[in-house]
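Protein chains in written order, with this note's numbering: chain A, 287 to 510; chain B, 20 to 291; chain C, 197 to 462.
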C-alpha cells in the first residue's frame, strides 16, 4: 500500500515538474479560463450586480472547460512519445499511475480555481463572505473533477478522436459537481441564500467515489 | 528450425524466485534454459493477425537478429515477448511465464526499445533516466548508482544530461532511452530498430550496450535492417515474414556465454 | 445462433413484431380517439381547466419513460456482466440496450416537451428533477454511443464502454439528488398521474401502453442484439480467414524478395 502512494507521488512529481518546465497551465490553460470569464462578460452584457449573481456558475463553467484542457494535456504527456508503454513495463500498479496523474491535475485545477476567484472578484465584483467554505468546497470539487477527468482521459486515450470525444464523455458526468460547487460558492460568495455546507457533502461523496472508481478502473482501461 | 535438442528446462521450473522490481535475476538462470518459447503464437491487432502461428525458441544468453520485410510482425513479436499484447492463440511462454495469463510479471524483467523515445520531452535526460529508474522500483541510492553506470555505458556526458530531451538530437535521445532501459538490468532485451536514424557515435553506443547486456548474461532480441552491424555480434538470424518465422539460422552462432555459469545462489543445484 | 441468415428475423420475432404493430395501432386508437381529454371544472369559478388533449401524449410518454429506464438498467447490468465474464454476449447486449434506451430517451424528452408546452406553458423547465435527470441521462448515453462508434480494437472498446456505462449509472443518483436539492419546485410533481382521474378507460389505456411499448422495446432489442451478434460472429469467422490470407502473403513477390535478401546466419 505504501508502494502505491510512493509511486503515485513519483508520478505526480514528474507531471508537476513537466508543468514547471513547459508552463502549459500557466501560459495556455489559465489565460483560457480567464478568457471564458471575459467572454461571459461580453455575451451577457450585464451590469456588475447581475454578473455577481451569476459569478459562481460562470466560474465553475470556466473551470470545467479549462479542466478539459488540463486533462488532455495530462493524457497526451504519456502518449506523445510512447511513455505510457514504459509505465506499463515499469511494474507500477495502474492505480498508482491514476492517483499520481489525478493528483497532478488536481494541483493544477486548484491553481486555476484561485486564479478564477480573483478573476470574478475583479471582473464581476464578487465578495468572499465565507472563505472556509470556499476553500473546502473548491478542494472537494477539484478532487472530483481531477479524478473523473483522469479516468475519462485514460478511457478516451489511444483513439484518434480523443480531443473531440472527451468533452461529451466527461462533462455530463460532472453535472452534479457543477451544480454542487456552484451552490456552495453561491453561499460562500453571498450571491444567494443557500446552505453551501450541505452541498459540500455531495461534493465530498462525489470526490471519494470518483477517486476509488478511477483507481480501480484505470488498470482495466490501460490493460490489453 | 528451432527444435529441442536434449532435455531443457524452462525458467519456470527453476527455484521459485520472488522477483521484486529492480532486482537482478539473470544469474539465477540455468544454462540451456529457454527464455522465449513460442509455438503457434497468434496475435491479433484488431482483426488483423499480426502474428499468424509463429514458432520461436530462444535460450538464455542468445542474441537473436530478427529480419524480414516491413509488416512482417517483428514489432508485434517484440511486444508479445514484452508481455504487452495478449496472445490470441498458441503456446506462449516468456521467462517462464505463460503470457496468456501472466503478462505483468514478465514486463518488469524486460526492456523494450520502440520507435518512440519513451521519454518526457520537457525533462532533462538525467531526470528521465532517474524517473525510469525510480519507476522500476529502485531506491534512491540504487537508482543513482545504476544511472551512473548506464550513463557511462552509453557515453552521455554531463553536458547532455542536463539538457531537456527536446533539445537533444535523435541519436542522443536514443542513447538516453537506452540508458533509462539499462538501469532496469533486464533479463531480456527487446530492441526494435535500435540503430535507425543514428550517427556513428550512436550506433557504436547501441553496439556496446548489446555487448554489455550479452556479457551480463541477458538475452537479446534485435529487430533490425542493419545486417552487417548486428552480424558483428554473431547472432542467430531469424527471418520473419507474414507473421511467421520462415528461416532460422539456428543456435550456437558464437554467442558469448557468461563465464560464471548461473550459480545456485541459494543452493539449488543446476540439473539441466 | 443459427448459421447463415439473410435477416435477423425469425418466427418468434415476427410474431413479436406483428403483435407489437397491432398493439401500437390499438394503443393509438385508444389514446387519440376513444379516451376523453382531461377536462375538469373548477369548483368555484366553473371554468374548465386541465390538460385537455395534451393528456393523450402521456399514454405514450409514460410507458416510453419506463422503457428507457429499463433499457438503461439492462445496459448497466450487462456492462457489469461483461466486466465480470468478458464474453461477447454481455457486450452485445449492453450495446443493444444502450441504443434502444437512447432512442426512447430522446422520444421521452421530445414527447415530454410537446406535452409541456400547453400544460406548463413552456417547452422546457430547468430545475425540474425528472426532466434534468433524464436529460443528463440522455447526454451520458450519447457519450456512450459516441465511444462505441469510434473505430478501435473491439476488445478495448467493449471494456471502455462497460466502464462508461457503469459510471453513467452511478452518476445518475448523484445527479438526481443534486437537482432535487437545488430547486424544490418540480412541475412533474404538480401535474402527475395522481391528479388525473385514472380509472376505467384511462387506466386501461395506460396499462395497454405499458404492454405495447414493452413489446416494441423487446422487438427492437431482439433485432439490435442479433445484428450485434452477427457482427461478432463475422469478426471471429474472419480471423481464421485472415490468418490464411496472411500466410498467403508469403507467396507474394515482394515478400519473397525481401526474405531472399535477408540471407543466412553468420
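Virtual Cβ for every residue (Gly too), placed ideally from N, Cα, C. Bear in mind the structure is a predicted one, so any value in this text is a computation, not a measurement.
Reduced DSSP secondary structure (H/G/I, E/B, other) of residue i
i                      : result
residue 371 of chain A : helix
residue 7 of chain B   : Residue numbering for chain B in the displayed model covers 20 to 291; residue 7 of chain B lies beyond these limits and cannot be assessed.
residue 238 of chain B : strand
residue 17 of chain B  : Chain B is shown only over 20 to 291; residue 17 of chain B falls outside these bounds and no answer can be derived.
residue 151 of chain B : helix
residue 116 of chain B : strand
residue 143 of chain B : strand
residue 129 of chain B : strand
residue 179 of chain B : helix
residue 410 of chain A : coil
residue 321 of chain C : coil
residue 432 of chain C : helix
residue 437 of chain A : helix
residue 121 of chain B : coil
residue 349 of chain C : coil
residue 135 of chain B : coil
residue 43 of chain B  : Caution is warranted here: a pLDDT of 39 is assigned to residue 43 of chain B, below 50, making its placement in the model unreliable, and the coordinate value is therefore given only provisionally. Correct three-state label for residue 43 of chain B: coil.
residue 367 of chain C : helix
residue 101 of chain B : coil
residue 416 of chain A : coil
residue 379 of chain A : coil
residue 336 of chain A : helix
residue 441 of chain C : helix
residue 427 of chain C : helix
residue 307 of chain C : helix
residue 231 of chain C : coil
Beta-bridge partners of residue i, as assigned by DSSP
i                      : result
residue 86 of chain B  : B:258
residue 110 of chain B : B:58
residue 172 of chain B : Its beta-bridge partners do not exist; DSSP assigns none.
residue 76 of chain B  : B:56
residue 236 of chain C : C:245
residue 392 of chain A : Per DSSP, none; premise fails for residue 392 of chain A.
residue 267 of chain B : B:257
residue 396 of chain C : Answer is none; residue 396 of chain C lacks a bridge partner.
residue 63 of chain B  : B:68
Buried versus exposed call for residue i [16 or more other C-beta atoms within 10 Å across all chains shown]
i                      : result
residue 211 of chain B : buried
residue 264 of chain C : buried
residue 291 of chain A : exposed
residue 284 of chain B : Its pLDDT being 36, under 50, residue 284 of chain B is placed unreliably in this model, and the value from its coordinates should be taken loosely. Result: exposed.
residue 279 of chain C : buried
residue 86 of chain B  : buried
residue 247 of chain B : exposed
residue 394 of chain A : buried
residue 243 of chain C : exposed
residue 294 of chain C : buried
residue 163 of chain B : exposed
residue 98 of chain B  : buried
residue 404 of chain A : exposed
residue 335 of chain A : exposed
residue 570 of chain A : This structure cannot settle anything about residue 570 of chain A, because the visible part of chain A is limited to 287 through 510.
Candidates the options: closest to residue i by CA position
i                      : options                       : result
residue 76 of chain B  : B:113, B:67, B:254 and B:194  : B:113
residue 239 of chain B : B:256, B:163 and B:247        : B:256
residue 502 of chain A : A:382, A:444 and A:461        : A:382
residue 194 of chain B : B:94, B:247 and B:135         : B:135
residue 108 of chain B : B:205, B:58 and B:225         : B:58
residue 442 of chain C : B:180, B:103 and B:61         : B:61
residue 508 of chain A : A:342, A:336, A:365 and A:358 : A:365
residue 292 of chain C : C:207, C:223, C:224 and C:345 : C:345
residue 331 of chain A : A:486, A:410, A:455 and A:314 : A:410
residue 254 of chain C : C:409, C:213 and C:245        : C:409
residue 234 of chain B : B:264, B:222, B:70 and B:252  : B:252
residue 490 of chain A : A:427, A:439, A:451 and A:476 : A:427
residue 212 of chain C : C:449, C:325, C:282 and C:417 : C:417
residue 82 of chain B  : B:55, B:219 and B:222         : B:55
residue 454 of chain A : A:435, A:418 and A:495        : A:435
TODO: Could I get the ranges of all uninterrupted alpha helix (DSSP H) runs contained in the stretch 296-334 of chain A, with 4 residues as the minimum, in chain order?
DONE: 316-330
Task: Contained beta strand (DSSP E) runs [length at least 3] in the stretch 244-301 of chain C, N- to C-terminal order - done: 244-248
Task: Continuous alpha helix (DSSP H) assignments of at least 4 residues falling wholly in the stretch 444-508 of chain A - done: 448-459, 461-474 and 482-508
Open item on the list: For a minimum of 4 consecutive residues, which ranges assigned as the alpha helix (DSSP H) are wholly contained in the stretch 187-221 of chain B?
Closed with: 189-201
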